[in-house]
Amino acid sequence: MAHLKLASKQQGVVLIVALIMVVAVTGIAVTLMSSSSVDMKITNAAFEREEAENALMGDVQQIIATEANKGGTSHFLYTRAQIPNGEIALAKVDETVSTMSNLNSGALDLPCPRKFNFTAGISCNMVQVNSTITYGSKSKHTITVTSGIAQEMASLNTGG
Numbered sequence: 115m116a117h118l119k120l121a122s123k124q125q126g127v128v129l130i131v132a133l134i135m136v137v138a139v140t141g142i143a144v145t146l147m148s149s150s151s152v153d154m155k156i157t158n159a160a161f162e163r164e165e166a167e168n169a170l171m172g173d174v175q176q177i178i179a180t181e182a183n184k185g186g187t188s189h190f191l192y193t194r195a196q197i198p199n200g201e202i203a204l205a206k207v208d209e210t211v212s213t214m215s216n217l218n219s220g221a222l223d224l225p226c227p228r229k230f231n232f233t234a235g236i237s238c239n240m241v242q243v244n245s246t247i248t249y250g251s252k253s254k255h256t257i258t259v260t261s262g263i264a265q266e267m268a269s270l271n272t273g274g
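Take the position in the sequence shown, starting the count at 1, then add 114; the result is the number in the numbering used here.
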């Protein structure tokens with residue numbers, strides 16, 4: 115009978131040890147699940163940014179192509195004097211808002227950059243296009259791309 119009393123005392127200890135193990139394993143599982151949700155948020159944020167960047171780059175190319183195809187009525191041919199307040203709004207594409215400003219610092223046209231061979235009487239009208247897109251929940255993040263454009267044109271006003 116002494117043997118039975120000893121076994122009954124050990125059954126309570128086993129129960130307590132088992133409960134402690136269950137609590138420890140539950141704590142580890144909860145910690146892993148919460149860090150997993152943080153990883154998911156980081157991954158989603160990176161995906162949203164990448165998606166916004168790709169959309170913005172496509173929109174910028176479309177804006178530039180549309181403006182370049184206008185020929186003589188293109189805003190790229192505007193001089194600094196023709197642009198009120200230093201910048202002009204270009205056509206909105208999807209969610210991308212773009213503005214253009216003229217980089218010519220004075221009355222003279224600028225020589226074209228990165229030319230292999232020089233042609234007399236050809237100068238450039240230098241403009242800058244800033245395109246911005248907002249993304250994310252509640253549209254609280256923005257990305258802006260700045261593009262420099264040199265529009266070649268015949269000029270008698272090169273100062274040369």
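Ideal placement from N, C-alpha and C gives every residue a C-beta, glycine not left out.
May I ask you to report which of helix, strand or coil DSSP gives residue i?
| i | result |
| --- | --- |
| residue 266 | strand |
| residue 193 | coil |
| residue 237 | strand |
| residue 261 | strand |
| residue 183 | coil |
| residue 149 | helix |
With a threshold of 6 angstroms on Cβ separation, who are the neighbours of residue i within its own chain once the five nearest residues in sequence on each side are excluded?
| i | result |
| --- | --- |
| residue 194 | 216 and 218 |
| residue 201 | 213 and 215 |
| residue 240 | 217, 218, 224 and 264 |
Name, in chain order, the residues that DSSP records as bridge partners for residue i.
| i | result |
| --- | --- |
| residue 214 | 202 and 243 |
| residue 207 | 210 |
| residue 256 | 248 |
Can you list, in chain order, the residues of its chain whose CB lies under 8 angstroms from that of residue i, leaving out five sequence neighbours each side?
| i | result |
| --- | --- |
| residue 177 | 204, 205, 207, 210, 212, 243 and 245 |
At a cut of 8 angstroms, does the region 180-195 reach the region 154-163 through at least three beta carbon pairs?
-> Touching, no.
If we count Cβ pairs, one from each stretch, closer than 8 angstroms, do we get three or more for the region 159-170 versus the region 250-260?
-> Result yes; three or more Cβ-Cβ pairs closer than 8 angstroms.
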